[in-house]
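Report on one structure; see the data block that follows.
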Amino acid sequence: MFKAKAYSVGSATSPFVSSSIPRRDPTEHDVQIEILFCGICHSDLHYARDEWHSVMPTVYPCVPGHEIVGRVAKVGSSVTKFEPGDLAGVGCLVDSDHTCPHCRAGLEQFCPNQILTYGSPDKHLGGVTYGGYSDSIVVDERFVLRVPTNLDPAGVAPLHCAGITTYSPIRRWGVIKGRKVGVVGLGGLGHMGVKFARAFEAHVVVFTTSPGKREDALRLGAAEVVVSRNADEMKKHAGSLDFILDTVSADHDINAYLNLLGPGGNLTLVGAPEKHLAVSAFGLLLGRRSLSGSNIGGIAETQEMLDFCGAHNITADVEVIPIQKVNEAYERLLKSDVKYRFSIDMASLRSE
Ligand SMILES: [Zn+2]
Ligand SMILES: [Zn+2]
-8 MFKAKAYSVG
2 SATSPFVSSS
12 IPRRDPTEHD
22 VQIEILFCGI
32 CHSDLHYARD
42 EWHSVMPTVY
52 PCVPGHEIVG
62 RVAKVGSSVT
72 KFEPGDLAGV
82 GCLVDSDHTC
92 PHCRAGLEQF
102 CPNQILTYGS
112 PDKHLGGVTY
122 GGYSDSIVVD
132 ERFVLRVPTN
142 LDPAGVAPLH
152 CAGITTYSPI
162 RRWGVIKGRK
172 VGVVGLGGLG
182 HMGVKFARAF
192 EAHVVVFTTS
202 PGKREDALRL
212 GAAEVVVSRN
222 ADEMKKHAGS
232 LDFILDTVSA
242 DHDINAYLNL
252 LGPGGNLTLV
262 GAPEKHLAVS
272 AFGLLLGRRS
282 LSGSNIGGIA
292 ETQEMLDFCG
302 AHNITADVEV
312 IPIQKVNEAY
322 ERLLKSDVKY
332 RFSIDMASLR
342 SE
């Protein structure tokens, strides 16, 4: 065991403070990673503040962070995929049972015994797992991703959650050249959805409540931008979209979007509004439309996404911050005051 530097919170209402956490010495299958950047995901905030208490009560002290990019520092004797010096990534999962049907199918995100990067029982050290707001992490090589070396690592970090969460449904619902794809909301998830749909050569329509985001949406790859509060603008697209990626986590009218789908079209939710959504059955019946949800992806698909990003030069748009600004960043995140993801530069933690 060794001590790693980290930023942790001690309760739902405490700020992040500099602290030290235990990390295991790498076992034969482990990779020890010196963390370079870690993205800030909205889940980090929910978990740090115990807002998911009913499903996943937070264990304190808590160290969030599941959008990790770093450099391999050490490898265990049986590790074959990595060598010291390699760039490596870690997303939302660090382990699973490897034996259930989902794991066998490469869909570790459905494993009933999955171990999340933070807040899951730690079978090695006891307690819970600690995430990426730290200078290092030790992970089983099966859950470590290869990171393309041609990309900016600060912008690669968010691909491990925001990237795969949008890439996976775009792949699953067959977004290809010529398809008309809607992306609802232009935040951390939405801006990645636009980039991926565009890279698959779809005709991308961004739906936003903020007219001020029009320029950015076009820059990111949208062919059209619709201000969703404008009923006439919405009506123009009725029955015409093949697929809609809905990234909004605030309360909104889902039926207005279902009506924009053509026959057989699908709307996939990746945002998580707190209140239940009211869904009109007719919105689904007419046109045999479907409504579904999606969340991250398996390790193989996450690797595929990273490779795709390497080939198409895709990264998240990030604002790089020192870890000392993490409390301020959380307040700004609540106001959606970031374009479009914070990425923490861990050099700031090393120099403390
Ligand atoms: Zn996340
Ligand atoms: Zn499993």
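Quick note: the sequence shown uses our numbering, first residue -8, plus one each step. Cβ coordinates follow ideal geometry from the N, Cα and C atoms, glycine included. Model, not experiment: these values are computed from the prediction.
Q | DSSP three-state assignment for residue 241, whether helix, strand or coil | A | The count along the sequence shown starts at 1 and reaches residue 241 at position 250. Reduced to three states, the DSSP call for residue 241 is coil.
Q. Taking all protein chains shown into account, do 16 or more other C-beta atoms lie within 10 angstroms of the C-beta of residue 171, making it buried, or fewer, making it exposed?
A. Looking up residue 171 in the sequence shown gives position 180. Classification of residue 171: buried, given that the 10 Å Cβ count is 16 or more.
Q | Every unbroken alpha helix (DSSP H) within the region 190 to 218, with a cutoff of 4 residues, ordered by chain | A | Runs of the alpha helix (DSSP H) inside the region 190 to 218: 205 to 211.
Q: Pull up the distance between the alpha-carbon of residue 332 and that of residue 324, whole angstroms please.
A: As a working mapping, residue 332 is identified with position 341 in the sequence shown. As a working mapping, residue 324 is identified with position 333 in the sequence shown. Going from the Cα of residue 332 to the Cα of residue 324 covers about 9 Å.
Q) With 16 other CB atoms within 10 Å as the buried threshold, where does residue 73 fall? A) Taking the sequence shown and counting its residues from 1, one reaches residue 73 at position 82. Classification of residue 73: buried, given that the 10 Å Cβ count is 16 or more.
Q. Heavy atom of ligand 2 less than 7 Å from the Cβ of residue 345, yes or no?
A. Because the chain spans -8 through 343 in this model, residue 345 falls outside it and cannot be assessed.
Q: Identify, in the order they occur along the chain, each residue of the same chain with its Cβ nearer than 6 Å to the Cβ of residue 278, setting aside the five sequence neighbours on each side.
A: Indexing the sequence shown from 1 puts residue 278 at position 287. For residue 278, where only same-chain residues beyond five positions count, the Cβ hits under 6 Å are 254.
Q: With hydrogens ignored, establish whether the beta-carbon of residue 34 is closer than 7 Å to any heavy atom of ligand 1.
A: Mapped onto the sequence shown, residue 34 falls at position 43. Yes - ligand 1 has a heavy atom lying nearer than 7 Å to the Cβ of residue 34.
Q | Same chain only: Cβ atoms within 6 Å of residue 17, ignoring 5 sequence neighbours per side | A | For the purposes of this step, residue 17 is taken as the residue at position 26 of the sequence shown. Within the same chain, Cβ atoms closer than 6 Å to the Cβ of residue 17 are found at 23, 65, 67 and 129, the five residues on either side in sequence being excluded.
Q. What are the boundary residues of the alpha helix (DSSP H) that residue 230 is part of?
A. What you label residue 230 is simply residue 239 of the sequence shown in a count that begins at 1. Per DSSP, residue 230 belongs to no alpha helix (DSSP H) and is neither H nor E.
**Q.** Chain-ordered residues, beta carbon under 7 Å from a heavy atom of ligand 2
**A.** Answer in sequence order: 87, 88, 89, 90, 91, 93, 94, 99, 102, 103, 104 and 105.
Q | For residue 43 and residue 118, the rounded distance between their alpha carbons | A | On the sequence shown, position 127 is the one that residue 118 refers to. On the sequence shown, position 52 is the one that residue 43 refers to. Distance between the alpha carbons of residue 118 and residue 43 is about 19 Å.
Q | Any non-hydrogen atom of ligand 1 closer than 7 Å to residue 57 Cβ | A | Against the sequence shown, residue 57 aligns to sequence position 66. Yes, ligand 1 has a heavy atom inside 7 Å of this Cβ.
**Q.** Rounded separation between residue -8 and residue 12 - CA only
**A.** Numbered from its first residue, the sequence shown carries residue -8 at position 1. Numbered from its first residue, the sequence shown carries residue 12 at position 21. Straight-line Cα distance between these residues: approximately 10 Å.
Q. How big is the Cα-Cα spacing for residue 15 and residue 157?
A. Looking up residue 15 in the sequence shown gives position 24. Looking up residue 157 in the sequence shown gives position 166. For the pair residue 15 and residue 157, the Cα-to-Cα distance works out to about 32 Å.
(Q) Can you determine whether any heavy atom of ligand 1 sits closer than 7 Å to the C-beta of residue 83, and answer yes or no? (A) The sequence position of residue 83 within the sequence shown is 92, counting from 1. Yes, since a heavy atom of ligand 1 falls inside the 7 Å radius drawn around the Cβ of residue 83.
Q: Ignore the nearest five residues each way along the sequence and tell me which others in residue 220's own chain have a CB closer than 7 Å to its CB.
A: The residue you call residue 220 lines up with position 229 of the sequence shown. For residue 220, where only same-chain residues beyond five positions count, the Cβ hits under 7 Å are 200.
Q) Sorted by chain position, which residues of the same chain lie with C-beta nearer than 6 Å to residue 268's C-beta, five sequence neighbours on each side aside? A) The count along the sequence shown starts at 1 and reaches residue 268 at position 277. Apart from sequence neighbours up to five positions away, the residues of its chain that approach residue 268 with a beta-carbon distance below 6 Å are 245, ordered along the chain.
Q) Taking the C-alpha atoms as reference points, what is the distance between residue 98 and residue 294? A) Within the sequence shown, residue 98 is the residue found at index 107, counting from 1. Within the sequence shown, residue 294 is the residue found at index 303, counting from 1. The C-alpha of residue 98 lies about 12 Å from the C-alpha of residue 294.
**Q.** Distance between residue 123 and residue 84 (C-alpha atoms, nearest Å)
**A.** Along the sequence shown, read from residue 1 onward, the residue named residue 84 stands at position 93. Along the sequence shown, read from residue 1 onward, the residue named residue 123 stands at position 132. Whole-angstrom Cα-Cα distance: 12 Å.
Q) Going by other Cβ atoms of all chains shown within 10 Å of its Cβ, with 16 needed for buried, is residue 257 buried or exposed? A) Position 266 of the sequence shown holds residue 257. Residue 257 is classed as buried because its beta carbon has at least 16 other beta carbons within 10 Å across all chains shown.
Q: Count the CB pairs spanning the region 309 to 317 and the region 102 to 119 that are closer than 8 Å, and state whether there are at least three.
A: Contact fails: fewer than three Cβ-Cβ distances are below 8 Å.
Q. Is the CB-CB distance between residue 204 and residue 125 below 8 Å?
A. Residue numbering aside, residue 204 sits at position 213 when the sequence shown is read from its first letter. Residue numbering aside, residue 125 sits at position 134 when the sequence shown is read from its first letter. Taking C-beta atoms as the reference points, residue 204 and residue 125 fail to come closer than 8 Å.
Q | heavy atom of ligand 1 below 7 Å from residue 152 C-beta | A | Position 161 of the sequence shown, counted from the first residue, corresponds to residue 152. Shortest gap from the CB of residue 152 to any heavy atom of ligand 1: under 7 Å.
Q. Which parts of the region 112 to 188 are runs of the beta strand (DSSP E), unbroken and 3 residues or longer, counting only runs that do not cross its ends?
A. Those beta strand (DSSP E) runs which fall completely within the region 112 to 188 and span 3+ residues are 127 to 131 and 171 to 175.
Q) On the three-state DSSP scale, how would you describe residue 34? A) Taking the first residue of the sequence shown as position 1, residue 34 is located at position 43. If DSSP states are grouped into helix, strand and coil, residue 34 belongs with the helices.
Q. Could you give the C-beta distance for residue 80 and residue 147, rounded to a whole number, given that I count them as a contact under 8 Å?
A. Numbered from its first residue, the sequence shown carries residue 80 at position 89. Numbered from its first residue, the sequence shown carries residue 147 at position 156. About 7 Å separates the two Cβ atoms, so the contact holds.
(Q) Just to check my reading of the structure: residue 138 and residue 297 have Cβ atoms closer than 8 Å, yes? What is that Cβ distance to the nearest angstrom? (A) Here residue 138 corresponds to residue number 147 of the sequence shown, with the count starting at 1. Here residue 297 corresponds to residue number 306 of the sequence shown, with the count starting at 1. The pair is a contact, with the Cβ atoms about 6 Å apart (cut-off 8 Å).
**Q.** Euclidean distance between Cα positions of residue 54 and residue 27
**A.** Within the sequence shown, numbered from 1, the residue matching residue 54 stands at position 63. Within the sequence shown, numbered from 1, the residue matching residue 27 stands at position 36. Residue 54 and residue 27: Cα-Cα distance of roughly 16 Å.
(Q) Rounded to the nearest angstrom, what separates residue 90 and residue 206 at their Cα positions? (A) What you label residue 90 is simply residue 99 of the sequence shown in a count that begins at 1. What you label residue 206 is simply residue 215 of the sequence shown in a count that begins at 1. Rounded to the nearest angstrom, the gap between the Cα atoms of residue 90 and residue 206 is 48 Å.
Q) Which same chain residues, not among the five before or five after residue 263, have their C-beta less than 6 Å away from its C-beta? A) Numbered from 1 along the sequence shown, position 272 holds the residue referred to as residue 263. Hits under 6 Å: 240.
Q) By Cβ distance, which residues of its chain are closer than 7 Å to residue 242, with the 5 residues on each side in sequence left out? A) Here residue 242 corresponds to residue number 251 of the sequence shown, with the count starting at 1. Once the five neighbours on either side are set aside, the close Cβ partners of residue 242 are 264 and 266.
Q: Could you tell me the distance, in whole angstroms, from the CA atom of residue 61 to the CA atom of residue 104?
A: The sequence position of residue 61 within the sequence shown is 70, counting from 1. The sequence position of residue 104 within the sequence shown is 113, counting from 1. Taking the straight line from one Cα to the other gives about 26 Å.
Q: For the beta strand (DSSP E) containing residue 12, list its first residue and its last residue.
A: Here residue 12 is taken as the residue at index 21 of the sequence shown, counted from 1. Following the DSSP letters along the chain, one finds residue 12 inside the beta strand (DSSP E) bounded by residues 8 to 14.
(Q) Between 229, 82, 162 and 88, which has its C-alpha nearest residue 290's C-alpha? (A) Here the question's residue 290 lines up with position 299 in the sequence shown. It is 82 whose Cα lies nearest to the Cα of residue 290.
Q. Could you give the distance in angstroms between the alpha-carbon of residue 314 and the alpha-carbon of residue 260?
A. The count along the sequence shown starts at 1 and reaches residue 314 at position 323. The count along the sequence shown starts at 1 and reaches residue 260 at position 269. The alpha-carbon atoms of residue 314 and residue 260 are separated by roughly 31 Å.
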